[in-house]
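**Student:** One structure follows; several queries about it will come next.
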Amino acid sequence: MFEAAVQWDGISIPRSLASFTRNVDETSGAAFTGNRETYMTRRALRPGSFLSLILNNGTAIFSESALVSEILHVKPSRPQNATKDYGKNLRHGFVKWRDDKVLIDTSIVYQPERKPISDVHAFLKKKLIEVTQETDGLSPYLKTSDEVIAEAERVQQSLFSDLIGDKKYAVLIGAIAIENKGDSAITIGEVMMLEKLQIELLYYINVVRCTGEKFKHAQELVASHATDDVVILMHGGGNLIGYGQENDCREKAFQAFPKHKTIILSQSFFMYGSEASVAHRVKMYCCNPELTILLRDRLSLHIAKRLFTNGTKLLLAPDMAYAIGPVSRFSPPVYDVVWLHRGDSETPVYKSLPTFPRNTLVRVSDWRGWTSPKGATTLETAHNMMMNGLLFLQRGRVVVTDRLHGHILCILLDIPHVLLDNADNKLSSYHNTWTRGLTNTRLTDNPQDAARLAMELLETYGKSLQPVVKPYTIKE
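Residue numbers 218 to 693, in my numbering, belong to the letters of the sequence shown in order.
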């Protein structure tokens, strides 16, 4: 057993890590699986990453089967002259401060590679509602974009048919249309899923207009139908716990519709916030027999199983953007490589971008600045933004992305691409759950490797990709 302890505000916090069957480098905190193809490298002990849970009795226990820590509770007081990266002063960065909020590091997370299911035909015969935490069973066998999309749609249709049953109407809480094209794609996927299920969208509330007046109107509409005929759906994404606006909106919905069946659509965690806010939100989600939470990756599922007990139902389900379905490329590429590089709190930490070979046309930008036309409604605007995201990616013959929905929309478009993981393991966790079998996708956490892998994809798939329209890049 590898043991480590840190001193935090006078409290000794021991760490117990199961004996890895792999090599663990105590100095660098790197755990290697030896399988470079599937990227399970340099992640197990890396600081600055995911779980910020409320510590319970000062003991963190990690086992080989557990992906995250037991829930602990320690009341930290910020040290004098603490920097935003106070965790650097602690062993492996177990605790980090960002502004005035505590971020507990979960990159001491060992994610063993799951074995593929042995009997595909038996799996296909199962009702997925009966194996709700094994729904990703086919992912190692899915080699093409079309196969990944088809399986994601099959899983969604199967789960929602049983979860929603014969309900006729839905209210969607937290729909959003913003220039983060991924959120808009999720919104459109949610609406398209309801269309496929032939469920009428009775009303929706934009997360930026989540007011008492809006909920009063929603209650009036819902009251005209039987309780059993209406399901409350909450927008998916990657904001459980850590994003205040989205979580506050859900809390208002719980208060407005306490007796209705409620489903939080596919989500992952952003575990960041003050101790009080995290504690409040954990309590809000943990014990609601009317609530079902869909988790979009196995790391999030494991965290949820530790946090949300005593009633809340937990299911593993792919991102809702897959409900859009496959999209044929509708614009020729302008660059050899488009690098989708986000610029917010989830940005991977790298100081400079790598250089590419001469005569390789590369464009680096974030799609938040790729402005979309506004529609007459939130949903029309979301559609425009989703389509603009698809256009943004098509400018590259190959894409490098550190945004999860850069990955997912590239799959919809069947564009070869490289995933550059972030500190929260968001991309790798999703990839290792649903898309690890894809042959035209690569995963790394190193920008130099990302550039090299992008060039390899150009070499591998170049003959099947449209050529660049070079005049488009000529400057005036």
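For glycine and all other residues, C-beta sits at the position ideal for the given N, C-alpha and C.
#1: Terminal residues of the continuous beta strand (DSSP E) containing residue 457?
#2: I want to know whether the segment 524 to 535 touches the segment 488 to 503 - three or more CB-CB distances under 8 Å.
#3: Identify, in the order they occur along the chain, each residue of the same chain with its Cβ nearer than 6 Å to the Cβ of residue 515, setting aside the five sequence neighbours on each side.
#4: Flag residue 516 as yes if its beta-carbon sits less than 7 Å from any beta-carbon of chain D, otherwise no.
#5: Using a Cβ distance threshold of 8 Å, determine whether the segment 592 to 605 contacts the segment 390 to 406, with at least three qualifying pairs required.
#6: With distance defined between alpha-carbon atoms, name the residue in 417, 424 and 462 nearest to residue 442.
#7: Can you give me the C-alpha to C-alpha distance between residue 445 and residue 490, rounded to a whole angstrom?
#8: In terms of alpha-carbon separation, which member of 367, 591 and 366 lies closest to residue 396?
#9: How is residue 484 classed by DSSP in three states: helix, strand or coil?
#10: Taking just the CA atoms, how far does residue 510 sit from residue 630?
#11: Flag this pair as yes or no: are the beta carbons of residue 537 and residue 483 separated by less than 7 Å?
#12: Hey, residue 485 and residue 643 are a contact pair by Cβ (cut 8 Å); roughly how many whole angstroms apart?
#13: Classify residue 337: buried if its beta carbon has 16 or more other beta carbons within 10 angstroms, exposed otherwise.
#14: Taking the beta strand (DSSP E) that residue 634 belongs to, which residues open and close that run?
#15: Across the segment 667 to 677 and the segment 626 to 640, are there enough close Cβ pairs to call them in contact, namely three or more that are closer than 8 Å?
#16: Applying the 10 Å Cβ sphere with the 16-neighbour rule, what's the burial state of residue 412?
#17: Let me know the secondary structure DSSP gives residue 291 once reduced to three states.
#18: Can you tell me the Cα-Cα spacing of residue 558 and residue 581, whole angstroms?
#19: May I have the straight-line CA-CA distance separating residue 604 from residue 467, to the nearest angstrom?
#20: Following a CB-centred definition, is residue 526 positioned closer than 6 Å to any heavy atom of the ligand NAD?
#21: What do you get for residue 426, buried or exposed, if any count of 16 or more other CB atoms within 10 angstroms of its CB means buried?
#22: Can you check DSSP and say which residues form a bridge with residue 556?
#23: Where DSSP assigns a beta bridge to residue 478, which residues make up the other side?
#24: Starting from the C-beta of residue 614, find all residues in its chain whose C-beta is less than 6 Å away, skip the five residues before and the five after it, and write them out in chain order.
#25: If you measure between the beta carbons of residue 368 and residue 380, is that distance less than 7 Å?
#26: Between which two residues does the beta strand (DSSP E) containing residue 387 stretch?
#27: Identify whether residue 360 lies in helix, strand or coil by the three-state DSSP scheme.
#28: Would you report the Cα separation of residue 364 and residue 492, rounded to the nearest angstrom?
#29: So, helix, strand or coil for residue 420, using DSSP?
#30: Quick check on residue 576: buried or exposed, where buried means 16 or more other Cβ atoms within 10 Å of its Cβ?
#31: In chain order, what residues of the same chain have a beta carbon less than 8 Å from the beta carbon of residue 507, not counting five sequence neighbours either side?
**Tutor:** On the basis of the data shown:
#1: 454 to 458
#2: When Cβ pairs closer than 8 Å are counted between the two stretches, the segment 524 to 535 is seen to touch the segment 488 to 503, the count reaching three or more.
#3: 650
#4: Looking at the structure shown, chain D is missing, and only one protein chain is on hand.
#5: The segment 592 to 605 vs the segment 390 to 406: in contact.
#6: Ranking 417, 424 and 462 by Cα distance to residue 442 puts 417 first.
#7: Taking the straight line from one Cα to the other gives about 36 Å.
#8: 591
#9: Reduced to three states, the DSSP call for residue 484 is strand.
#10: 28 Å
#11: yes
#12: Confirmed, Cβ separation roughly 6 Å.
#13: Classification for residue 337: exposed.
#14: 634 to 637
#15: yes
#16: With fewer than 16 Cβ atoms within 10 Å of its Cβ, residue 412 is classed as exposed.
#17: Note that residue 291 scores 28 on pLDDT, short of 50, meaning its location in the model is unreliable; the coordinates nonetheless yield the value given after this. In this structure, residue 291 counts as coil in the three-state DSSP scheme.
#18: 7 Å
#19: 27 Å
#20: The ligand content of the structure shown is nil, which means the ligand NAD is not present either.
#21: exposed
#22: Under DSSP, residue 556 takes part in a beta bridge, and its partners are 581 and 617.
#23: Beta-bridge pairing links residue 478 to 448.
#24: 550, 553 and 682
#25: no
#26: 386 to 392
#27: coil
#28: Looking at the two C-alpha atoms, the distance is approximately 42 Å.
#29: Correct three-state label for residue 420: strand.
#30: With fewer than 16 other CB atoms across the displayed protein chains lying within 10 angstroms of its CB, residue 576 is exposed.
#31: Setting aside the 5 residues that flank it on each side, residue 507 is surrounded in the same chain by 475, 476, 477, 478 and 479, each with a C-beta closer than 8 Å to its C-beta; the list follows chain order.
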